[in-house]
């Protein structure tokens with residue numbers, strides 16, 4: 003039985019691509035923190051040798067090498083690009099525990115995979131020149147796809163924080179007026195809900211408890227969230243603390259202003275709804291309505307217009 007290796011080329015290449023994608027998913031999958039496990043091992047609950055043998059063979063052999071390869075690719079990037087990726091990952095909430103080096107390496111790797119795949123498929127069907135062109139286009143597309151995904155994550159997280167901010171401010175105001183300290187009120191809000199804003203508030207409280215000044219922790223909160231309304235709130239809060247104004251009064255005023263701003267945004271969206279509905283009405287609803295109403299009479303109208311007039 004003869005096997006044509008040339009005809010099996012696309013199959014083998016597809017298998018290699020599937021293997022690389024599988025290893026990539028295993029590499030970027032968030033791993034469980036071993037800090038607790040090592041503390042337990044130090045306390046005698048678990049041996050250190052057991053920690054080293056945890057996980058499958060692929061996780062202990064293939065995944066570390068694959069991560070090193072990804073980081074080796076990313077270290078060839080300019081330092082400014084790495085810093086920009088780090089800031090974007092922070093604003094996205096560090097999805098999947100990715101670092102800037104990991105993210106840039108994934109971008110390069112996805113570009114290489116799609117570029118080689120496009121070159122192989124297109125060159126076999128349309129020639130070497132078209133294959134090179136398709137490979138370059140798909141490589142550029144593969145390099146941009148992770149950045150597009152990250153941008154969507156940042157936008158979604160920003161919208162979530164902006165929507166949850168008025169409720170969080172109301173809860174902060176009630177807690178502070180009830181006698182809680184500002185840090186305790188932030189922790190109460192973080193314990194009540196679980197969203198992007200409350201997770202950032204919990205992180206801010208933890209930073210304060212480890213010794214970070216409150217103003218600096220709040221500035222970091224505004225930088226990580228990258229929401230204009232939260233930046234304004236943090237700036238007013240810092241300024242009021244420096245001037246000695248009561249935090250309860252500031253929170254009450256900011257909560258009222260945030261509610262008013264949300265009401266204005268809803269009214270603006272309601273006014274824009276009629277304009278946004280114009281396109282589907284003109285190009286989708288009206289043609290179908292005209293066809294339904296005038297459809298039965300169109301043959302008679304054409305027959306009347308095309309019939310010879312008697313003279």
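Residue numbers (my numbering): 3 to 313.
C-beta atoms are modelled at their ideal positions from N, C-alpha and C, and glycine is treated no differently.
What residue range is occupied by the uninterrupted alpha helix (DSSP H) comprising residue 301?
300–308
Cβ distance (whole Å) where residue 117 is taken to contact residue 147 below 8 Å
Their Cβ separation, rounded to whole angstroms, is 12 Å, which puts residue 117 and residue 147 out of contact at 8 Å.
Residue 164 to residue 137, Cα distance in whole Å?
Roughly 41 Å between the two C-alpha positions.
Three or more C-beta pairs below 8 Å linking the stretch 170–178 and the stretch 187–194
yes
Tell me which residues share the same chain as residue 143 and place their Cβ nearer than 7 Å to its Cβ, disregarding the 5 neighbours each side in the sequence.
116
From residue 79 to residue 221, what distance separates their C-alpha atoms?
29 Å
C-alpha distance - residue 77 paired with residue 103, whole-angstrom precision:
7 Å
Would the beta-carbon of residue 86 fall within 9 Å of that of residue 156?
no
Own chain, CB closer than 8 Å to residue 167, minus 5 neighbours either side, in chain order
Only residues of its own chain outside the window of five on either side were considered, and among them 199, 229, 231, 232, 235, 260 have a CB closer than 8 Å to the CB of residue 167, listed in chain order.
Can you tell me which of the three DSSP states residue 77 falls into?
coil
Just to confirm, does residue 266 get its C-beta within under 8 Å of one of the non-hydrogen atoms of the ligand GTP?
Absence of the ligand GTP from the depicted structure is noted, as is the absence of any ligand whatsoever, leaving it without description.
The alpha helix (DSSP H) with residue 151 in it runs from where to where?
Segment 130–179, the alpha helix (DSSP H) holding residue 151.
Kindly give me the distance between the Cβ atoms of residue 134 and residue 90, rounded to whole angstroms, as I take these residues to be in contact under 8 Å.
At roughly 31 Å, the Cβ-Cβ gap does not stay under 8 Å, so residue 134 and residue 90 are not in contact.
Who are the near neighbours of residue 73 in its chain, counting only those whose CB is closer than 6 Å to its CB and skipping five residues on each side?
Correct list, in chain order: 103, 107.
Going by DSSP in three states, residue 242 sits in which element: helix, strand or coil?
helix
State the start and end residues of the unbroken alpha helix (DSSP H) segment that holds residue 271.
249–278
Which class does residue 212 belong to by DSSP, given the choice of helix, strand or coil?
Three-state result, residue 212: coil.
If we ignore side chains and look at the alpha-carbon of each, how far apart do residue 69 and residue 94 end up?
21 Å
First through last residue of the alpha helix (DSSP H) which encompasses residue 101:
Here residue 101 belongs to no alpha helix (DSSP H), and DSSP marks it neither H nor E.
What span of residues does the alpha helix (DSSP H) with residue 184 cover, start to end?
Counting along the chain, the alpha helix (DSSP H) containing residue 184 begins and ends at 184–194.
For residue 285, the first and last residue of its enclosing alpha helix (DSSP H)
Segment: none, residue 285 is in no alpha helix (DSSP H) and carries neither H nor E.
9 Å Cβ cutoff met for residue 92 and residue 225
yes
Assign residue 223 to one of two classes, buried (16 or more other C-beta atoms within 10 Å of its C-beta) or exposed (fewer than that).
Classification of residue 223: buried, given that the 10 Å Cβ count is 16 or more.
Looking only at its chain, what residues have a beta carbon closer than 7 Å to the beta carbon of residue 184, apart from the 5 residues adjacent to it on each side?
A distance below 7 Å between beta-carbons, with the five flanking residues on each side excluded, links residue 184 to the following residues of its chain, in chain order: 178, 249.
On the CB-based measure, 16 or more other CB atoms within 10 Å of its CB, does residue 288 come out buried or exposed?
Looking at its Cβ environment, which holds fewer than 16 other Cβ atoms inside 10 Å, residue 288 is exposed.
Through-space distance from residue 244 to residue 219, alpha-carbon basis
15 Å
I'd like the list of long-range same chain contacts for residue 71, defined as Cβ closer than 6 Å, with 5 residues on each side in sequence excluded.
none
Should residue 124 go down as buried or exposed, given a rule of 16 or more other Cβ atoms within 10 Å for buried?
Label assigned to residue 124: buried.
CA-CA distance, residue 46 and residue 82?
Because the pLDDT at residue 46 is just 42, under 50, the model does not fix this residue reliably, and the value given afterwards should be weighed accordingly. Going by the C-alpha atoms only, they are around 46 Å apart.
Helix, strand or coil: which one does DSSP assign to residue 228?
The answer is coil: DSSP assigns residue 228 none of H, G, I, E or B.
Using the Cα positions of residue 296 and residue 105, report the straight-line distance between them to the nearest angstrom.
57 Å
Count the other CB atoms, across all protein chains shown, that sit within 10 Å of the CB of residue 170; report buried if there are 16 or more and exposed otherwise.
buried
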